[in-house]
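Structure first, commentary second.
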Amino acid sequence: MKIIVCVKQVPDTETKINLSSDSQSIDSSGIKWIMNPYDKNGVEEALTLKAAQPDSTVVAVSVGPKARVTSTLREALAMGADEAILIDAPDTIDAHQTAEILAKVISSEGSWDLCFTGHLAIDDNAASVSQMVAEILNVPHTTVVSKFNFASGSCTVEREIEGGAREVVEMRGPSVVAATKSLNKPRYTNPMGIMKAKKKPLKEVTLGDLGLEGSAARVLHENFQLPADKPPVKMIDGDPSQQAKMLVQLLREEAKVI
8 MKIIVCVKQV PDTETKINLS SDSQSIDSSG IKWIMNPYDK NGVEEALTLK
58 AAQPDSTVVA VSVGPKARVT STLREALAMG ADEAILIDAP DTIDAHQTAE
108 ILAKVISSEG SWDLCFTGHL AIDDNAASVS QMVAEILNVP HTTVVSKFNF
158 ASGSCTVERE IEGGAREVVE MRGPSVVAAT KSLNKPRYTN PMGIMKAKKK
208 PLKEVTLGDL GLEGSAARVL HENFQLPADK PPVKMIDGDP SQQAKMLVQL
258 LREEAKVI
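If you count by my numbering, then the sequence shown holds residues 8 to 265, one letter each, in order.
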């Protein structure tokens, strides 16, 4: 079977974010980039399935600037993916364009069985690409998946829904599955895997190759703003009774929460 895994490169959460001079994007210089953590859960589940189905092939796919995204695909290969496809595209593409690109590439792979994604990317929290990919491909899809089982050509998944409830869904045929962190614990790469990754095939594709060069974004960012600095901690003097009265006053007049 052929298993596709869509991975996105995102800024590390510990990276300090600065805005561009026009405030319409972030300043990417100096940013540490990592594989989206939820996508890493997708890679892990694909590799676990491959271990149970030894004749399987795992193909990692990513969209973004070639000079940067290559490292994330190499990480997926080092984890155990067999092949990788890089679609060289600017950072300015939106979620719908990304879904169109991924769907086009997945279709070009011919017969495939499953596509794993993360349920959202930690840079924009949009949680929309996996559903759009599935709709463009006209295949079943399930989001926020916390348990996965594949048998006899169909997959049974458990997904998290509101109120702490769980929903069980069965899908047959090619399907898209969006993983959460509770699905599994991704493996670490090791020196041998990193060395093998350098020799594994990494195919490069352009938007022109896909006939999508010049497609217009549907979402344009006009202005980004960084959160305001937190005010300094205010110490309250006096005995416990005085402190309690002052605390209530501050909560009412400054914080406006009571």
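The beta-carbon is built from N, C-alpha and C at its ideal position, and this holds for glycine as well.
Quiz item: What number of angstroms, rounded off, separates the C-alpha of T213 from the C-alpha of L190?
Solution: 33 Å
Quiz item: With a cut-off of 7 Å, does the C-beta of R194 fall near any C-beta of chain C?
Solution: The question asks about chain C, but that chain is absent: this structure has only one protein chain.
Self-check item: Opening and closing residue of the alpha helix (DSSP H) in which A83 lies
Solution: K73 to M86
Self-check item: Selected residue, minimal CA-CA separation from N25, among I33, D19 and P18
Solution: I33
Quiz item: Exposed or buried, which one is R166 when buried takes at least 16 other CB atoms within 10 Å?
Solution: buried
Self-check item: Proximal residues to V66 (C-beta, below 6 Å), its chain only, five neighbours per side dropped
Solution: Cβ within range, chain order: I11 and E90.
Quiz item: Which of helix, strand or coil does DSSP assign to D244?
Solution: coil
Quiz item: Got a sec? Which residues, its chain only, sit under 7 Å from H103 by beta carbon, not counting five neighbours each side?
Solution: M139 and R225
Quiz item: Leaving out five residues before and five after T99 in sequence, what residues of the same chain have Cβ atoms less than 7 Å from its Cβ?
Solution: A224
Quiz item: What three-state label does DSSP hand P44 in the structure shown?
Solution: Here P44 sits in helix by DSSP.
Quiz prompt | Three-state class that DSSP yields for P181 in the structure shown | solution = coil
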